[in-house]
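S.K.: The structure's right below; bear with me while I get my questions together.
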Amino acid sequence: MKKLSAILSFMIVTACLLAQSPQKLSYQAVVRNSLGKLVQNTSVGIRISILQGSSGGTVVYTETHVVSTNVNGLVAVEIGGGTTTGNFSAIDWANGPYFLKSETDPAGGTSYGITGVSQLLSVPYALHAQTAGNGFSGNYNDLTNKPVTDGSETKIVAGSNIVVTGTGTTAAPYVINATGGGGTLPGKTTITTSQTWTVPMSVSKIRVELWGGAGGGGGAGAYSYSYILNDGGDGGSGGYAQQEINVVPNQQFNVVVGTGGAAGNNAYYSYPNYYGDTDGGNGGDSWFGPVKAAGGSGGKKGSYAWYTVNGTAGTASIGQVTGYASNSQSNTLDVFIGLVRSYLSDRFFTSKPGKGGSLQSYSNPTAGEGGAAVITFVE
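According to this note's numbering, the stretch in the sequence shown is residues 94 to 472, in order.
See below:
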């Protein structure tokens, strides 16, 4: 059986200070194998150590976990809640610096072969704050040099189409009214062709979602003179990008919608061999101002190699949120980089990749689907 190796893609360590700080830190990591593929729905072993003084300092606390990755290869544990003989609450956070060492066994055991060390910065030291006194009674009236709170300290300046009345006191509070006609925001707009787009009136913020064009399918052919008939490769799916942009009415944006990659050609037979198969075309990038959704690449022709070579998904996207299909021949958008995706829009799926041709089933390759832009009016 092929032995798994893994890569920790990222780590997040946080601690929350409430009325009483919880004696735990949150830890998250994404596990990938040696080929860069996500280790999905698999139990992995993790050992967490807290080091004092330096990245190779004294171990003051250690615990272990056996947890399962999810469909995105993500694991999440609570440091302070694992299997340990130590006392997490006894760590003197004021006597730092401290470093967090993580060791991972992607096979779920204790053969920890993947190690990472990073310094704990200011956030975890909220645990120290629960014991640090500041001498304040908690009564606002005990403070000296208190700020004025009669409303006059607040300054409000009216902008375009805005009227502000009142003085900010209890008797005359500020009232802010729009002088325009008001009404609801326009419905969202779907764009499937390149154009210059103008911001409607009464709109100050938009959410832009982009899909790049998908790659076309490659033509079928025969590899070298071996007469091994290979199907053409499927195209790669288009990438995804999302970003919110502050705008003003009548502002214009140049919108480029990526075209789908053209279909390749199957080979024809002319004794003694097959000739003329071609690659599928690449899908075009989609742009909306600074936001970019990368196009997928085309599938390779059948004679390119002795095995079928598919195109790759468009991953070089630019935006606050980016995404792509982990299986680049799929049109299901299931890998996201950046913020949590909160808006699914008109296209839950990516741009559909073209299919490769086949000489054995007499099917021709197909073109990739073009990209799109969906604009939602937020404010």
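Even for Gly, the Cβ is constructed at its ideal location relative to N, Cα and C.
Determine, using beta carbons only, whether Gly314 and Gly392 come nearer to each other than 8 Å.
M.R.: no
S.K.: Could you tell me if Leu128 is buried or exposed, where buried requires 16 or more neighbouring beta carbons within 10 angstroms of its beta carbon?
M.R.: exposed
S.K.: What are the boundary residues of the beta strand (DSSP E) that Thr415 is part of?
M.R.: Val414 to Tyr417
S.K.: Taking Cβ to Cβ, would you say Val384 is nearer than 8 Å to Gln345?
M.R.: no
S.K.: So what's Asn234 in DSSP terms, helix, strand or just coil?
M.R.: helix
S.K.: Let's test the definition: count the other Cβ atoms within 10 Å of the Cβ of Leu452 and tell me whether it reaches 16, buried, or not, exposed.
M.R.: Buried is the label assigned to Leu452, since at least 16 other Cβ atoms lie within 10 Å of its Cβ.
S.K.: Which runs of the beta strand (DSSP E) spanning at least 3 residues fall entirely within the region 178-217, listed in chain order?
M.R.: 191-198 and 207-213
S.K.: Alpha carbons only, please: which of Asp378, Thr291 and Asn366 is nearest the one belonging to Ala387?
M.R.: Ala387 has its Cα closest to that of Asp378, out of Asp378, Thr291 and Asn366.
S.K.: Taking the alpha-carbon positions, what's the Phe470 to Pro279 distance?
M.R.: 7 Å
S.K.: With H, G and I counted as helix, E and B as strand and the rest as coil, what does DSSP make of Gly149?
M.R.: Residue state, collapsed to three classes: coil.
S.K.: Any chance you could list the beta strand (DSSP E) runs of at least 3 consecutive residues sitting entirely within the region 290-362, in chain order?
M.R.: 298-304, 314-316, 321-323, 333-339 and 345-349
S.K.: Let me make sure I understand the geometry here. Which of Ile139, Lys117, Phe181 and Leu118 has the alpha-carbon closest to that of Val124?
M.R.: Ile139
S.K.: Would you list the residues sitting across from Leu426 in a DSSP beta bridge?
M.R.: DSSP, once it has assigned bridges, lists no residue as partnering Leu426.
S.K.: Let me know the secondary structure DSSP gives Ser396 once reduced to three states.
M.R.: helix
S.K.: Let me know if Asp185 comes out buried or exposed under the rule of 16 or more other beta-carbons within 10 Å of its beta-carbon.
M.R.: Under this definition Asp185 is an exposed residue.
S.K.: Considering Cα atoms alone, identify which of Val268, Val341, Leu303 and Glu302 is closest to Met294.
M.R.: Val341
S.K.: Using a Cβ-Cβ cut-off of 7 Å (strictly less than) and excluding sequence neighbours within five positions of Val491, which residues of its own chain qualify?
M.R.: For the chain, the structure presents residues 94 to 472; residue 491 sits outside this window and is missing.
S.K.: Lys130 by DSSP, collapsed to three states: which one?
M.R.: Lys130 carries a coil assignment under DSSP once its states are collapsed to helix, strand and coil.
S.K.: Is the distance from the Cβ of Thr408 to the Cβ of Gly332 below 8 Å?
M.R.: yes
S.K.: Does DSSP classify Glu462 as helix, strand or coil?
M.R.: Glu462: coil per DSSP, three-state reduction.
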